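J.:
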Amino acid sequence: GEDEGEGSEEGAQPSRDGSRRAVRQRVKPFLIDVTAVSVAQFGRFVQATRHGTEAEAFGWSFAMAHFLDAATLAAADAEDGPGRMLDAPHWVAVLGADWRAPEGPGSTTEGREGHPAVHISWNDAAAYCKWAGLRLPTELEWEFAARGRINDEPFPWGGDEDGGTVNGWQGAFPDENTAEDGYAGTAPVDAYAPNGYGLFNTVGNVWEWASGGDAKRRPLRGGSFIDSVDGRTNHPLRVSTRMDNSADAGSFNIGFRCASGDVENLAPGEGLDQESLAAVVEKEGVEGLKRYLTARGKDADVFTPGEAQKGVKRKRREHKERRAAELAEAEEDRRKAAEFYAAQAPPHDEV
1 GEDEGEGSEE GAQPSRDGSR RAVRQRVKPF LIDVTAVSVA QFGRFVQATR
51 HGTEAEAFGW SFAMAHFLDA ATLAAADAED GPGRMLDAPH WVAVLGADWR
101 APEGPGSTTE GREGHPAVHI SWNDAAAYCK WAGLRLPTEL EWEFAARGRI
151 NDEPFPWGGD EDGGTVNGWQ GAFPDENTAE DGYAGTAPVD AYAPNGYGLF
201 NTVGNVWEWA SGGDAKRRPL RGGSFIDSVD GRTNHPLRVS TRMDNSADAG
251 SFNIGFRCAS GDVENLAPGE GLDQESLAAV VEKEGVEGLK RYLTARGKDA
301 DVFTPGEAQK GVKRKRREHK ERRAAELAEA EEDRRKAAEF YAAQAPPHDE
351 V
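Okay, structure coming up:
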């Protein structure tokens, strides 16, 4: 059956947490993983497919200076180094940072196998989902699941900031993290109490990719361990929190979880704009577009230009035939009416 939940309306004005105006929408059945994909799970995928992440292809990825050693910082700040973000120098481009070495050379995921895989781009996440026979959740699905049966509240546990524990930033950002929640960086994927649907870490820990958008901007949901519940540090941690990033982007606070289901639950109009539909046709053809629409619960006839032209001609011919039949029927009605009134006329004398 279907259930009703909250989601964000496509195109509405974003708020401070990046969300759009909340709307209520029916959600058809789907499945979603209770945790983000762990380092161990991603490792099995890489072992089976030899997939190389985009961070590995680029040779670097972003991490925060607070978590880096002196040698890594020196390499980034060297004249020929990759440097830092100009407007946010605590973000450092780290040579050799990837899912195996989240803080760059010398770091490891040993002992963190149960933590979320990070430095994962949207494209990497989509490749994993395809291998696993799954898909990324839509934003509507992600938020519906993240709320855990609780609508109209900002947190998975309700409306009280102190009502639950998440992995966020505590202390003077970006140089001090008191780790009162138990972790300075990422936490295990099943840390803290689950929400009403049994999902862990739907806010905080790592940003999670969702489906939608385009190659220039893909949606991320939930915030990460460098954000805060009260919103004073970076993004406020809410079930509605979102932002966009390019499909090839990754950093040490970005991961993902998987979903599945015959129908993708979309916000009104999402994925049905002309640009998205044209991209599907270009990549997968008309049959691919039919599958795309069906997966989104949109039953529609799709035609090639040639088929459409034939269809137009057929409709014109059918219209002409129907019009001719209507005219013939009207003429027959007039003839019968004339005969009827002639039969009813009184006899008259001949002159």
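Residues in the sequence shown are numbered consecutively from 1, following my numbering.
Ideal Cβ positions, reconstructed from N, Cα and C, are used throughout, including at glycine.
Since we're looking at a predicted model, the values are computed, not measured.
1. Is it right to say Glu339 is buried, meaning 16 or more other beta carbons lie within 10 angstroms of its own, or is it exposed?
2. How should Thr178 be labelled, buried or exposed, when 16 other C-beta atoms within 10 angstroms of its C-beta is the threshold for buried?
3. Taking all protein chains shown into account, do 16 or more other C-beta atoms lie within 10 angstroms of the C-beta of Pro219, making it buried, or fewer, making it exposed?
4. Which residue's Cα is closest to the Cα of Glu264: Lys216, Gly212, Ala249 and Arg221?
5. Decide yes or no for the touch test of the region 58 to 71 against the region 230 to 239: beta carbon pairs closer than 8 Å, at least 3 of them.
6. Does Gln381 pass the burial test, meaning 16 or more other C-beta atoms within 10 Å, or should it be called exposed?
7. Which same chain residues, not among the five before or five after Pro194, have their C-beta less than 6 Å away from its C-beta?
8. So what does DSSP say about Phe144, is it helix, strand or coil?
9. At 3 residues or longer, what runs of the beta strand (DSSP E) sit wholly inside the region 58 to 126?
10. Please look up how many angstroms separate the CB atoms of Glu208 and Trp142, rounded, as I've assumed it's under 8 Å.
11. Helix, strand or coil, according to DSSP, for Arg50 in the structure here?
12. So what does DSSP say about Ser276, is it helix, strand or coil?
13. Does the beta-carbon distance from Val166 to Gly104 come in below 9 Å?
14. Taking the C-alpha atoms as reference points, what is the distance between Ala63 and Glu54?
15. Can you tell me the Cα-Cα spacing of Asp33 and Arg257, whole angstroms?
16. Using the Cα positions of Leu327 and Ser260, report the straight-line distance between them to the nearest angstrom.
17. Do the region 283 to 297 and the region 245 to 252 meet, that is, are 3 or more Cβ pairs less than 8 Å apart?
18. Pairing CB atoms from the region 102 to 121 with CB atoms from the region 37 to 51, are three or more of them under 8 Å?
19. So is Ala324 buried or exposed if we call it buried at 16+ other beta carbons inside 10 Å?
20. Between Arg322 and the ligand GDP, is there a pair consisting of the residue's CB and a ligand heavy atom that are separated by less than 8 Å?
21. Skipping 5 residues on each side, what residues in its chain have a beta carbon closer than 6 Å to that of Trp122?
22. In the DSSP assignment, find the beta strand (DSSP E) that holds Asn245 and state where it starts and stops.
23. Would you identify the three-state DSSP class for Leu220, choosing helix, strand or coil?
24. Suppose the cutoff is 6 Å on Cβ atoms and the five residues either side in sequence are ignored; what does the same chain contact list for Gly148 look like?
25. Verify the CB distance criterion: does Asp227 have a CB-CB separation below 9 Å to chain D?
26. For the beta strand (DSSP E) containing Glu153, list its first residue and its last residue.
27. So Glu208 is in the beta strand (DSSP E); what residue range does that whole segment cover?
28. For a test of the three-state rule: what should DSSP assign to Arg314, helix, strand or coil?
29. Go ahead and pull the three-state DSSP assignment for Gly11.
30. If I measure Cβ to Cβ from Trp60 and keep anything under 8 Å in the same chain, skipping five residues before and after, which residues do I get?
31. Please classify Glu79 as buried or exposed, where buried requires at least 16 other C-beta atoms within 10 Å of its C-beta.
32. List the DSSP bridge partners of Ala259.
33. Is the beta carbon of Ala267 closer than 9 Å to that of Glu153?
34. With burial defined as no fewer than 16 other Cβ atoms inside 10 Å of the residue's Cβ, what is the status of His319: buried or exposed?
T.: So, from the listed chains and residues:
1. Locating residue 339 in the sequence shown gives position 339, where the first residue counts as 1. It counts as exposed.
2. Walking along the sequence shown from the start, residue 178 turns up at place 178. Thr178 should be labelled exposed.
3. Position 219 of the sequence shown, counted from the first residue, corresponds to residue 219. Answer is buried; the Cβ neighbour count reaches 16.
4. On the sequence shown, residue 264 is found 264 positions in, with the first residue counted as 1. The shortest C-alpha separation from Glu264 is found at Gly212.
5. no
6. Outside the displayed span of the chain (1 to 351) sits residue 381, for which this structure offers no information.
7. Within the sequence shown, the letter at position 194 stands for residue 194. Only Phe200 meet the Cβ criterion.
8. Here residue 144 is taken as the residue at index 144 of the sequence shown, counted from 1. Reduced to three states, the DSSP call for Phe144 is helix.
9. 60 to 64 and 91 to 95
10. By 1-based counting over the sequence shown, the position of residue 208 is 208. By 1-based counting over the sequence shown, the position of residue 142 is 142. Right, their Cβ atoms sit about 7 Å apart.
11. The residue given as residue 50 occupies position 50 in the sequence shown. If DSSP states are grouped into helix, strand and coil, Arg50 belongs with coil.
12. Numbered from its first residue, the sequence shown carries residue 276 at position 276. Helix at Ser276.
13. Sequence index remark: in the sequence shown, residue 166 carries index 166 (1-based). Sequence index remark: in the sequence shown, residue 104 carries index 104 (1-based). It is not a contact, given that the beta carbons lie outside the stated cut-off.
14. Residue numbering aside, residue 63 sits at position 63 when the sequence shown is read from its first letter. Residue numbering aside, residue 54 sits at position 54 when the sequence shown is read from its first letter. Rounded to the nearest angstrom, the two C-alpha atoms are 15 Å apart.
15. Along the sequence shown, one-based indexing puts residue 33 at 33. Along the sequence shown, one-based indexing puts residue 257 at 257. Answer to the nearest angstrom: the Cα atoms are 6 Å apart.
16. Here the question's residue 327 lines up with position 327 in the sequence shown. Here the question's residue 260 lines up with position 260 in the sequence shown. If you take the alpha carbons of Leu327 and Ser260, they lie about 55 Å apart.
17. no
18. yes
19. Against the sequence shown, residue 324 aligns to sequence position 324. Ala324 should be labelled exposed.
20. This structure does not include the ligand GDP; it has no bound ligands of any sort.
21. The residue you call residue 122 lines up with position 122 of the sequence shown. So the qualifying residues of the chain are Trp209, Arg218 and Ala247.
22. For the purposes of this step, residue 245 is identified with residue 245 of the sequence shown, where counting begins at 1. Run containing Asn245: Arg242 to Asn245, per the beta strand (DSSP E) assignment.
23. As a position in the sequence shown, residue 220 is number 220, starting the count at 1. DSSP places Leu220 in strand when its eight states are reduced to three.
24. In the sequence shown, residue 148 corresponds to position 148, counting from 1. Excluding positions up to five away in sequence, the list reads Pro156, Asn195, Gly196 and Tyr197.
25. Looking at the structure shown, chain D is missing, and only one protein chain is on hand.
26. Here residue 153 corresponds to residue number 153 of the sequence shown, with the count starting at 1. Note, Glu153: premise wrong, no beta strand (DSSP E); not H, not E.
27. Residue 208 sits at position 208 when you count from the first residue of the sequence shown. Unbroken beta strand (DSSP E) run through Glu208: Trp207 to Trp209.
28. Here the question's residue 314 lines up with position 314 in the sequence shown. Here Arg314 sits in helix by DSSP.
29. Counting from 1 along the sequence shown, the entry for residue 11 is found at position 11. Interpretation of Gly11 is limited by its pLDDT of 42, a score under 50 that renders its predicted location unreliable; the figure taken from the coordinates is listed afterwards. Note: Gly11 maps to coil in three-state DSSP.
30. The residue you call residue 60 lines up with position 60 of the sequence shown. So the list reads Pro82, Ala93, Val94, Leu95, Gly96 and Ala97, once near-sequence residues are dropped.
31. In the sequence shown, counting from the first residue as 1, residue 79 sits at position 79. The residue is exposed, with fewer than 16 neighbouring Cβ atoms inside 10 Å.
32. Here residue 259 refers to the residue found at position 259 of the sequence shown. BP columns for Ala259 point to Ile32 and Arg135.
33. As a first step, residue 153 must be located in the sequence shown, where it is residue number 153. As a first step, residue 267 must be located in the sequence shown, where it is residue number 267. No, these two residues do not count as a Cβ contact at 9 Å.
34. Counting from 1 along the sequence shown, the entry for residue 319 is found at position 319. Exposed.
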